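Novice: Have a look at the structure that comes next, please.
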C-alpha cells in the first residue's frame, strides 16, 4: 500500500505538539497523584473508623469493668446480711405454729430467695465463671438452644428460619455458657416480636479472623441509636416490668469476652435487630493451682462441729440451728482462730467461710490438706468467685453451700458428710 508522504513539521507545529505532549504528561501525572490522594484518604477514613470502633469498645469494656467492680462489692455487702435474715426467718418459720403467720413468713422467704437470685445474676455479670473449654459444635448447640425456646416462639407466632453453614468448623468454648448467650439473644428477639414475626438464626465461618460467627436476627420493634449504646450496661432494659432484670446482655457480653470474642449489633427502629456473636476457633483454658502448708495430725476422738465465719450473726444462727439438731458446736471468727482450735482439738466437721480477715478459708484448707487431715470441710461460698470455689474443691472441700442457704439443705449436707441417716 502506498502512503503519501507528509511535509515536515514546521517549527511552530513541532513546538505546539511538544507543548501538548508535555501538558498531557502533566495531566496524567496529576490524575495519578489525585488517585493516590483519594486512595490515601480512603485508607485514612477506614483507619479513623477502626480507631473510633476500638475506642468505643475500650470505653464499653472500661465502663463494664468499673460497674462490675462496684456490683461485686455491693453484692457481697448485701449478701451477708441477707444470709442472716434468710436463716433467721427460716428458724422463725420452723418454730411458728400459727398458720397465718407461718404463711407470711413463707412469703417473706420467697422474696428473700428472689433477692438472692438477683444478686447471683449480678455476680455472674461482675465475675463470670471462667470458661471450661471443650470442643463445641456450634450448629448442634444452636439447634439444642432453639429446641429449648421453641414453645415460647410458637406461642408468640414466630417463624424460625435457619441459615446454618454446612462446613462450620468446631470451636474451643464452654458449651453451657455459650448456650446461655444464644438463649438470651433468642429470648430477646422473641420479646421484640410480640405480634409475631421471623427469627433468623445463622452461622458462618470467617477464615480471615479464624472465627465462627453466629447471627440472631428478628423483625421486631428494633432499637434506637441512642439505646444501642446502653444495651450492654447492667440493669438497663427496655422490657416491661417482670420480663427482665437488665443483666442478660451484660452477662452475655462478659461471657463472649471471656472466650476472646465480641458481640456486634445492628438495628433499625420498627424493622428489626441483628446480633452477631463472633467466637474465635481456638482458646486456652485457665488452670487453678494452690500451695499447701502443714499442721500436726490429731488422733484424739473428734468433738463437735467447728463453725468458722467472720460474721457473728451467721455464727450465732449456725450455732442455734446445729444445737437444735443435737450437735455440739465450737466457733471461730477467722482463719487464725480456726487453726489455733484445729491444732488443739479434732472435730467431726468444719463449716468454713471462704472470705475472712486475717486468714481466709482457702489458707485453712491448704494447711488441713497438707497435714493429711481427714476432717470433712463444708465451705460457705457466699458470693465467692468460681475460681475460689474450684480451688476449694481442689484443696479437698467435701461440700459447699451458697449463702443465703436453707437450714434444711444445711442439715442434709451435714448428715451426708458425717454419714448419718438422721440427726444425733
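Numbering (the numbering used here), first residue to last: 657 to 1080.
Just so you know, even glycine gets a beta-carbon here, dropped at the ideal spot from N, CA and C.
Remember, predicted model here, so these are calculated numbers, not experimental data.
1. Give, in chain order, every unbroken run of the alpha helix (DSSP H) that is at least 4 residues long and sits entirely within the segment 1021-1075.
2. One question on the structure: do residue 772 and residue 750 come within less than 8 Å of each other, judged by their Cβ atoms?
3. Under a three-way DSSP split, which group does residue 936 fall into?
4. On the CB-based measure, 16 or more other CB atoms within 10 Å of its CB, does residue 955 come out buried or exposed?
5. From residue 1008 to residue 786, what distance separates their C-alpha atoms?
6. Exposed or buried, residue 950, counting other C-beta atoms within 10 Å across all chains shown (16 or more means buried)?
7. How would you label residue 679, buried or exposed, when you count the other beta carbons within 10 angstroms and need 16 or more for buried?
8. Let me confirm a value: residue 847 is counted as buried when at least 16 other C-beta atoms fall within 10 Å, else exposed. Which label applies?
9. Just verifying my parser: in three-state terms, what is the DSSP assignment at residue 773?
10. Would DSSP call residue 1008 helix, strand or coil?
11. Helix, strand or coil for residue 675? Go by DSSP, reduced to three states.
12. Within 10 Å of its beta-carbon, does residue 1029 have 16 or more other beta-carbons around it, so buried, or fewer, so exposed?
13. If you drop the 5 nearest sequence neighbours on each side, which residues of the same chain put their C-beta closer than 6 Å to that of residue 888?
14. Anyone know if the C-beta pair for residue 932 and residue 870 falls short of 8 Å?
15. Hey, how far is the Cα of residue 1038 from the Cα of residue 856?
16. Using 8 Å as the threshold, is the C-beta distance between residue 792 and residue 826 below it?
17. Ends of the beta strand (DSSP E) at residue 1016?
18. Would you mind stating whether residue 878 and residue 926 have Cβ atoms separated by less than 8 Å?
19. Give me the DSSP bridge partner(s) of residue 847.
20. Helix, strand or coil for residue 753 per DSSP?
21. So, at 8 Å on beta carbons, what are the nonlocal neighbours of residue 805 in its own chain, with the 5 sequence-adjacent residues on each side left out?
22. If you draw a straight line from the C-alpha of residue 664 to the C-alpha of residue 675, how long is it?
23. Are the CB atoms of residue 1025 and residue 1051 nearer to each other than 8 Å?
24. For residue 948, I'd like the list of residues in its chain whose CB is within less than 6 Å of its CB, leaving aside the five on either flank, ordered along the chain.
25. Which whole-angstrom value is the C-beta distance of residue 1045 and residue 1059, which I expect to be below 8 Å?
26. Rounded to whole angstroms, what's the CA-CA distance from residue 963 to residue 748? Just pull it up for me.
27. At what residues does the beta strand (DSSP E) containing residue 970 begin and finish?
28. Would you identify the three-state DSSP class for residue 983, choosing helix, strand or coil?
29. Given a cut-off of 8 Å on the beta-carbon distance, is the pair residue 859 and residue 821 in contact?
30. At which residue ranges does the segment 805-836 contain complete beta strand (DSSP E) runs of 3 or more residues, listed in the order of the chain?
31. Whole-angstrom Cβ separation of residue 849 and residue 812, contact assumed at under 8 Å?
32. Looking only at its chain, what residues have a beta carbon closer than 7 Å to the beta carbon of residue 1019, apart from the 5 residues adjacent to it on each side?
33. Can you check which of these residues, 815, 914, 934, is closest to residue 866 by C-alpha distance?
34. Check whether the Cβ atoms of residue 1005 and residue 911 sit closer than 8 Å, and answer yes or no.
35. Buried or exposed for residue 1120, please, with buried defined as at least 16 other CB atoms from any protein chain shown within 10 angstroms of its CB.
36. In this structure, does DSSP put residue 908 in helix, strand or coil?
Specialist: Taking the structure as given:
1. 1042-1050, 1063-1074
2. no
3. strand
4. Any reading at residue 955 needs caution, since the residue's pLDDT is 49, under 50, leaving its predicted position unreliable; the model's value is listed next. Result: exposed.
5. 23 Å
6. Note that residue 950 has pLDDT 40, beneath the 50 cutoff, so the model's placement of it is unreliable and no number is given.
7. exposed
8. buried
9. helix
10. strand
11. helix
12. buried
13. 905, 906, 909
14. yes
15. 40 Å
16. yes
17. Element bounds for residue 1016: n/a, residue is neither H nor E.
18. yes
19. In the DSSP output, where bridge partners are listed per residue, residue 847 has none listed.
20. coil
21. 839, 842, 843, 846
22. 18 Å
23. yes
24. Low confidence applies to residue 948: its pLDDT is 37, below 50, so where it sits in the model is not reliable, and the reading given next is rough at best. 1022, 1025, 1026, listed in sequence order.
25. Going by Cβ atoms, the distance from residue 1045 to residue 1059 rounds to 13 Å, so no, they are not a contact pair.
26. 21 Å
27. Segment 968-980 is the alpha helix (DSSP H) holding residue 970; no beta strand (DSSP E) there.
28. coil
29. yes
30. 814-819, 827-829
31. 6 Å
32. 991
33. 934
34. no
35. With the chain covering only 657 through 1080, there is no way to say anything about residue 1120.
36. helix
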